[in-house]
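S.K.:
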Amino acid sequence: MGLMTNPKAQKIIEKVVLSTYKPLSVLLYIGTFVAIVIVSSSLFSAKTYISENALLPGLVEKQYKSTSDINGYANYLEGISKTDDDIPMAWLQQTFEEIGLDTYSQNFSASHPFLNSPEDVRGTNVFAILRAPRIAGTEAVVFSIPYRGKALEKKMGSTNHGIALMMSLAKHFIQQSYLSKDIISDSRQREYRGSSLGEAYYDTSSDFLAKSPLHGRSGTIMAAINLELPGRRIDHFDLRLEGLNGQLPNLDLFNVAVKLCEKEGVKATFHGQGSLTHTELRDNYGIRYTSKTMLSNMLRQASGKPHGIHGLFLRYGIPALTLHGIPSNSKKGDQSHSIGYILEGIFRSVNNLLERFHQSFFFYVLPETKKYVSIGLYMIPMGMLLVIPTIQALALWFLLGRKSKNIDKDEPIGEEPKGQHHYVIPVLIGVHVCGLLLYLSPEFFVVNFSSYFGLPPTEALVDWVRSCLYWYNLITSYK
Amino acid sequence: MAAPCAIWKRILSLIVIVVLISHLSLCTLHEETAETFFKRGHTNNWAVLVCTSRFWFNYRHVANVLSMYHSVKRLGIPDSQIILMLADDMACNPRNPRPASVFNNAYQHINVYGDNVEVDYRGYEVTVESFIRVLTGRLPPSTPRSKRLMTDDRSNVLVYMTGHGGDGFLKFQDSEEISSIELADAFGQMWQKRRYHEVLYIVDTCQAVSMFQQFYSPNILGVGSSQVGEDSLSHHVDSAIGVYIIDRYTYYALEFLEKITTTSQKTMDDFFKVCPYNQCHSHTGYRTDLFQRDISKVLVTDFFGSVRNVEVSTSRLPLSEVNHTRSKVETKVSGGTYYYVDQFPSKPAENSEDKKQRVQFSNQFIIANTIFLAIAAVVLVSRRNICCLYFDVQLSMSLLGNVLVCEGYAMGNASFSS
Chain A
307 MGLMTNPKAQ KIIEKVVLST YKPLSVLLYI GTFVAIVIVS SSLFSAKTYI
357 SENALLPGLV EKQYKSTSDI NGYANYLEGI SKTDDDIPMA WLQQTFEEIG
407 LDTYSQNFSA SHPFLNSPED VRGTNVFAIL RAPRIAGTEA VVFSIPYRGK
457 ALEKKMGSTN HGIALMMSLA KHFIQQSYLS KDIISDSRQR EYRGSSLGEA
507 YYDTSSDFLA KSPLHGRSGT IMAAINLELP GRRIDHFDLR LEGLNGQLPN
557 LDLFNVAVKL CEKEGVKATF HGQGSLTHTE LRDNYGIRYT SKTMLSNMLR
607 QASGKPHGIH GLFLRYGIPA LTLHGIPSNS KKGDQSHSIG YILEGIFRSV
657 NNLLERFHQS FFFYVLPETK KYVSIGLYMI PMGMLLVIPT IQALALWFLL
707 GRKSKNIDKD EPIGEEPKGQ HHYVIPVLIG VHVCGLLLYL SPEFFVVNFS
757 SYFGLPPTEA LVDWVRSCLY WYNLITSYK
Chain B
2 MAAPCAIWKR ILSLIVIVVL ISHLSLCTLH EETAETFFKR GHTNNWAVLV
52 CTSRFWFNYR HVANVLSMYH SVKRLGIPDS QIILMLADDM ACNPRNPRPA
102 SVFNNAYQHI NVYGDNVEVD YRGYEVTVES FIRVLTGRLP PSTPRSKRLM
152 TDDRSNVLVY MTGHGGDGFL KFQDSEEISS IELADAFGQM WQKRRYHEVL
202 YIVDTCQAVS MFQQFYSPNI LGVGSSQVGE DSLSHHVDSA IGVYIIDRYT
252 YYALEFLEKI TTTSQKTMDD FFKVCPYNQC HSHTGYRTDL FQRDISKVLV
302 TDFFGSVRNV EVSTSRLPLS EVNHTRSKVE TKVSGGTYYY VDQFPSKPAE
352 NSEDKKQRVQ FSNQFIIANT IFLAIAAVVL VSRRNICCLY FDVQLSMSLL
402 GNVLVCEGYA MGNASFSS
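In the order they appear, the protein sequences are chains A and B.
Using the working numbering, the letters of the first sequence correspond one by one to residues 307 to 785.
Using the working numbering, the letters of the second sequence correspond one by one to residues 2 to 419.
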């Protein structure tokens, strides 16, 4: 206590803080960035491992056999999506029913509160439930694939082969006796704009999203896999984790996907970065590659925008990821088999689960596919960043005290300077005015800017607050 | 002076020889009686087989126990004398691609969950409490006989446990664990209640040896699959089922037991050589210090089989006089009164009479003491000079003291010297 109340010690602290806070803030700001880069290097990041014993990925033999009908499905869908923008609902329902699944569809229409879109976004989701034969259906896994149609396909690539594979896998799984979880095949329209299965499932009401009721149900969703497969052949899978507001799935799910891709000889990458090769490692511990991957991971999280429609599941506490196939340049060969094995493996591994994913990390950043930086490590640079506003606040407080002392020079030392209140009141009023502006401005901001980013209003709001904080931090550190 | 000296020397040597011979003959006699007494001291065999872990990925523990169950059953222990505890039902697990079966080998030759399996405690019934209650017999009166371990002081009991363990504990059901001290006390109580004759305790888990380090009751053999600080590993994966299917130690123990028949002369010494490091990838551990018999003379079938001894009595047993209750320690059998031997010989006796009876000197001690006393007597007698009386008194005093000290020492060590 002596340190805080002793006027002598206080003076020393004041002196130190006031003389150093400006360069210290800048230094800490730069230091944070450097620390993040260093933390990403292979010197600090730890190897990923499968923490959940129940998963046992890749232990079981592959049984999936891709049949000729996978090509039939894909060709039909390609033909449709070239001409039409709408989901071939009737065909999807019929095919799923033929396979033997309980098939349901849901219509929705989404209106935007701020965007001046000419009409509501309308669409249909088709989903089919494969009931696990030997259990009460208390748990489920979702296999979701976005259906894009003509317009979106040009922008984001085709997913028709994914849907064909989904049907082929459903055909395979329905003959198996080992399922402990229902598999919900979900093909959905309109990407982020529409209704996600999670919203439908948990019946979250929204003023901006009207949807028809869900007639079929399964158990608690334990995990969701989203597949974006552009064609028969892919160069590699890019695994996408970042969800809404930067949420991440459990690291075990990612590890399982990476392990199974590796087993099938399909390269898996994260933000374009696979597991570091020896030559890459020799180059300053691969810091060039790892820092780039990690920073793009953090940037994506900071944007709050999901990196695939799996991100919409994460807000319901359902671990989910997207397997995004990067199209191969060569057209030869058919990889449907190995891709089928990867998905079969992931589903069987998740099928082994006894509890929700909980063993591994929820807070992490990834420098590559086989290394992770845990929260304990990346919080150090974050802590350095948080020191800046603290020092700034302290310095401002000391400066305030100094000014008041200059005015009332007759005040005896040791007593509280009276004039301080006069200086605090304008600050308080200013802060409240700023607060009012902050309170009123989001609507203005969302209406004007969110269309540039193509964000739903709720996310735009979060983004806006985040950018405000960012700029505030930047300004105060240079002051 | 020369003549009496020679006489005394002769007498002395004679005494020494006589004492030696008498001791030697006594020793051989003791060993013979012991041998005949301990040979096949049991009249019935029991087995308690416990799998303590749940969950699909622990499939191998269920396979371990079920394989062990089939081995002991093949060697003659009936279902009524096997307490089988399975914490999870792998056969009906929805994840099992081979429903209604459990295999212990990737070739899937034997369905160990096929016909004729009687599970006594299944699922959540397998708890530390129920296990200890089964061992100690402290079950509620409503418990059916099939769920009781109805052993007596002539029962050889095989206790086999498998699951996930650590240093000094074994996990039960993912929510509780049994400590090695609790287990030791359970066996202690079994001994006090005359619930076993001999026990073979086998445990296949990580750091298995720690489970029987705390045992203190007699007649227990302990076998563990790994030393403290070591992991016990699984043997192989069945990729059709997608799980690790059996543990290394149990796999090789079964391989050994496969060759055993009811008439095999293999001993526990051979069983202890099962699964060396190059097979197990962990060092198996044993405990024999509590066991009375020489393990190289103990047949494997004494525990794994049910080879029953028949006692032929030459005298008539008046059945009407047989006391059925066990409450009295004293039991009257025709031809005299018999007492139960004390269950814990290391326990110090309370009254002095018992103390005197129980002191058993080691042979070396008796020989040394006899020689010393003889020399002392010779010296005393040879001193005829009265003026040396003072020295005599002193010598005899010191002798007495020596004897007392030796006796005290012998008494202290009486239990170990036997």
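From the three backbone atoms N, C-alpha and C, an ideal C-beta is built for every residue, glycine too.
1. Does any CB atom of chain A fall closer than 7 Å to the CB of Ala241 of chain B?
2. Please go through the segment 412-474 of chain A and give each complete beta strand (DSSP E) segment of 3 or more residues, from N-terminal end onward.
3. What three-state label does DSSP hand Phe417 of chain B in the structure shown?
4. List, in chain order, every chain B residue whose beta-carbon is nearer than 7 Å to that of Ser486 of chain A.
5. CB Val158 of chain B to CB Tyr197 of chain B, shorter than 7 Å?
6. Going along chain A, which residues have a C-beta under 7 Å from Phe58 of chain B?
7. Listing by chain order, which chain A residues have their CB less than 8 Å from the CB of Pro100 of chain B?
8. If we cut at 7 Å on Cβ distances, does Val103 of chain B have a partner in chain A?
9. In chain B, what lies closer than 7 Å to Glu367 of chain A by C-beta?
10. Would you mind working out which of A:His584, A:Ala434 and A:Ser417 sits nearest Glu403 of chain A, comparing C-alpha positions?
11. Would you mind reading off the limits of the beta strand (DSSP E) that contains His643 of chain A?
12. Excluding the 5 residues preceding and the 5 following Asp558 of chain A in the sequence, name in chain order all residues of the same chain whose CB lies nearer than 7 Å to its CB.
13. Give me the Cα-Cα distance between Asn1 of chain B and Arg11 of chain B, rounded to the nearest whole angstrom.
14. Closer than 7 Å by C-beta to Met269 of chain B: which residues in its own chain qualify, once you throw out the five before and the five after it? Chain order, please.
15. Should Ser72 of chain B be listed as close to the ligand COA, given that the test is whether its C-beta is under 6 Å from any heavy atom?
16. Candidates B:Cys207, B:Cys281, B:Ser240 and B:Glu259: which alpha carbon is nearest Leu108 of chain B's?
17. My understanding is that Met86 of chain B touches Val63 of chain B, with C-beta atoms under 8 Å, so please give their C-beta distance in whole angstroms.
18. From Glu674 of chain A to Arg75 of chain B, what does the alpha carbon distance come to, in whole angstroms?
19. Show which residues of chain B have a CB atom less than 7 Å away from the CB atom of Arg539 of chain A.
20. Expressed to the nearest angstrom, what Euclidean distance is found between the alpha-carbon atoms of Ser328 of chain B and Thr206 of chain B?
21. Tell me which residue opens and which closes the beta strand (DSSP E) that Ile261 of chain B is part of.
22. Grab me the residues of Asn45 of chain B's own chain with a C-beta within less than 8 Å of its C-beta, minus the 5 sequence neighbours each way, in chain order.
23. When you compare only the Cα positions, how much space is there between Glu586 of chain A and Ser348 of chain A?
24. Pair every Cβ in the segment 515-526 of chain A with every Cβ in the segment 593-612 of chain A, then say whether three or more of these pairs are closer than 8 Å.
25. Between Thr263 of chain B and Gly77 of chain B, is the Cβ-Cβ spacing less than 7 Å?
26. Can you name, in chain order, every residue of its own chain whose Cβ lies under 6 Å from the Cβ of Leu334 of chain A, other than the five neighbours on each side?
27. Which ranges would you report for the beta strand (DSSP E) in the segment 511-559 of chain A if only whole runs of at least 3 residues count?
28. Could you tell me which of B:Leu171, B:Leu15 and B:Thr137 sits nearest to Thr53 of chain B, measuring between CA atoms?
29. Given a threshold of 16 other Cβ atoms within 10 Å of its Cβ, counted over all protein chains shown, does Val432 of chain A qualify as buried or as exposed?
30. Alpha carbon to alpha carbon, how far is Gly167 of chain B from Asp211 of chain B? Give it in angstroms, no decimals.
31. Keeping to the same chain, check which residues put their C-beta closer than 7 Å to that of Phe560 of chain A; ignore five residues upstream and five downstream.
32. May I ask you to report which of helix, strand or coil DSSP gives Asp295 of chain B?
33. Which first and last residues belong to the alpha helix (DSSP H) in which Lys388 of chain A is found?
34. Could you tell me the distance, in whole angstroms, from the CA atom of Tyr161 of chain B to the CA atom of Ala48 of chain B?
35. Check whether the segment 221-235 of chain B and the segment 274-290 of chain B are in contact - that is, three or more C-beta pairs closer than 8 Å.
M.R.: Per the coordinate set shown:
1. True, the Cβ-Cβ gap to chain A drops below 7 Å.
2. Within the segment 412-474 of chain A, the beta strand (DSSP E) runs of at least 3 residues that lie entirely inside it are, in chain order, 427-436 and 445-453.
3. Unreliable placement is indicated for Phe417 of chain B, whose pLDDT of 39 sits below 50; the coordinate value is still reported in the next sentence. DSSP places Phe417 of chain B within a helical segment (H, G or I) once states are collapsed to three.
4. What Ser486 of chain A touches in chain B: Pro95 and Arg96.
5. A distance below 7 Å separates the beta carbons of Val158 of chain B and Tyr197 of chain B.
6. Near Phe58 of chain B (Cβ distances below 7 Å), the residues of chain A are Asn359, Ala360, Leu362 and Asn658.
7. Listed along chain A, the residues sitting closer than 8 Å to Pro100 of chain B by beta-carbon distance are Arg440 and Ser483.
8. No, Val103 of chain B lies away from the interface with chain A (no Cβ there is under 7 Å from its Cβ).
9. Chain B residues near Glu367 of chain A: Ser240 and Ala241.
10. Comparing Cα-Cα distances from Glu403 of chain A to each of A:His584, A:Ala434 and A:Ser417, the minimum goes to A:Ala434.
11. The continuous stretches of beta strand (DSSP E) do not include His643 of chain A, which lies in the alpha helix (DSSP H) extending over residues Ser642 to Asn657.
12. Residues of the same chain with a CB within less than 7 Å of the CB of Asp558 of chain A, apart from the 5 flanking positions on each side, are Ile356, Ser357, Glu358, Leu361, Phe663, Gln665 and Ser666 in chain order.
13. The structure shown does not extend to residue 1 of chain B, since chain B is modelled only from 2 through 419, so no value can be given for it.
14. Once the five neighbours on either side are set aside, the close Cβ partners of Met269 of chain B are Leu222, Ile296, Val299 and Val301.
15. Ligands are entirely absent from the displayed structure, and the ligand COA is therefore not among its contents.
16. Note on identity: in this sequence residue 108 of chain B is Tyr, with Leu being the wrong assignment. Of the listed residues, the one whose Cα sits closest to Tyr108 of chain B is B:Ser240.
17. Wrong, their Cβ atoms sit about 11 Å apart, outside the cutoff.
18. Their backbone Cα atoms lie some 55 Å apart in a straight line.
19. Residues of chain B passing the Cβ test: none, with the nearest at roughly 27 Å.
20. For Ser328 of chain B, the pLDDT reaches just 47, beneath the cut-off of 50, and the residue's location in the model is therefore unreliable, leaving the point undetermined.
21. Looking at the DSSP string, Ile261 of chain B is not in any beta strand (DSSP E), and its letter there is neither H nor E.
22. The answer, listed in chain order, is Gln82, Thr152, Asp153, Arg155, Ser156, Asn157, Ser307 and Arg309.
23. Between the alpha carbons of Glu586 of chain A and Ser348 of chain A lies a distance of about 11 Å.
24. With a cut-off of 8 Å, the segment 593-612 of chain A and the segment 515-526 of chain A do not count as touching, because too few Cβ pairs lie within range.
25. The Cβ atoms of Thr263 of chain B and Gly77 of chain B lie closer than 7 Å to each other.
26. Cβ neighbours of Leu334 of chain A within its own chain (closer than 6 Å, five residues either side excluded): Met690, Val693 and Ile694.
27. Within the segment 511-559 of chain A, complete beta strand (DSSP E) segments of at least 3 residues are found at 515-517, 526-534 and 540-546, given in chain order.
28. In terms of Cα proximity to Thr53 of chain B, the closest of B:Leu171, B:Leu15 and B:Thr137 is B:Leu171.
29. It is buried - the Cβ of Val432 of chain A has at least 16 other Cβ atoms within 10 Å.
30. One detail in the question is off: residue 211 of chain B reads as Ser in this sequence, not Asp. For Ser211 of chain B and Gly167 of chain B, the distance between alpha carbons rounds to 8 Å.
31. If the five residues before and after Phe560 of chain A are omitted, its C-beta is found closer than 7 Å to the C-beta atoms of Leu545, Leu547 and Leu627, all from its own chain and listed in chain order.
32. DSSP places Asp295 of chain B in the coil class of the three-state scheme, outside both helix and strand.
33. From DSSP, the alpha helix (DSSP H) with Lys388 of chain A extends over Asp375 to Thr389.
34. If I take the Cα positions, the gap works out to 8 Å.
35. Result yes; three or more Cβ-Cβ pairs closer than 8 Å.
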